[in-house]
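Colleague: Numbering (the numbering used here) for the sequence shown: 27 to 116.
Ideal Cβ positions, reconstructed from N, Cα and C, are used throughout, including at glycine.
Dropping a structure here in C-alpha cells format, bear with me for questions.
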Amino acid sequence: MTRMVKCVKLGIEAEGLDAPPFPGPKGQEIFEKVSKQAWQQWLSKQTMLINEYKLASFDPKARAFLAEERRKFLFEGNTDMPEGYVPPKS
Numbered sequence: 027m028t029r030m031v032k033c034v035k036l037g038i039e040a041e042g043l044d045a046p047p048f049p050g051p052k053g054q055e056i057f058e059k060v061s062k063q064a065w066q067q068w069l070s071k072q073t074m075l076i077n078e079y080k081l082a083s084f085d086p087k088a089r090a091f092l093a094e095e096r097r098k099f100l101f102e103g104n105t106d107m108p109e110g111y112v113p114p115k116s
C-alpha cells in the first residue's frame with residue numbers, strides 16, 4: 027500500500043518515501059514529512075551542489091554544508107542556487 031504524507035516542501039498530500047533516507051531523527055523526520063517527489067528534487071539539487079562546489083562526501087565540512095542546505099530546501103522553501111550557477115544547456 028502506498029503511504030501518503032503531507033509534504034512540507036510541496037504543501038500537498040503526496041506519496042511518501044518507502045523508508046527513512048538515513049538513520050536517526052533527521053532521517054525519520056524526512057520520512058514522516060517529505061514526499062518521494064520532493065526528495066527526488068532534493069537529490070537533484072544535492073548533486074548539483076556537490077558538482078558546483080566540488081564537494082567530497084567524506085569531508086565533514088561538506089557533509090555539514092549539505093545537511094544545512096537540505097534542511098533549508100526541504101523545510102524552509104529555500105531554492106537558492108549557488109552564486110554564479112549556470113544551468114546545463116539541454
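Can you list, in chain order, the stretches of the beta strand (DSSP E) that have 3 or more residues and sit fully within the region 30-57?
Modeller: Within the region 30-57, the complete beta strand (DSSP E) runs of at least 3 residues are 30-32, 39-41.
Colleague: Is there at least one Cβ from chain B nearer than 9 Å to Q54's Cβ?
Modeller: Judged by its chain identifiers, the structure shown contains no chain B, having just a single protein chain.
Colleague: May I have a chain-ordered list of the alpha helix (DSSP H) segments no shorter than 4 residues that lie completely inside the region 59-98?
Modeller: 62-79
Colleague: Using 8 Å as the cut-off, can you tell me whether the region 29-49 makes contact with the region 58-66, which would need three or more C-beta pairs spanning the two stretches below that distance?
Modeller: As far as the Cβ criterion goes, the region 29-49 touches the region 58-66, which means the pair count is three or higher.
Colleague: Flag this pair as touching only if the region 62-79 and the region 38-51 have three or more C-beta atom pairs under 8 Å; answer yes or no.
Modeller: At 8 Å Cβ cutoff, the stretches touch.
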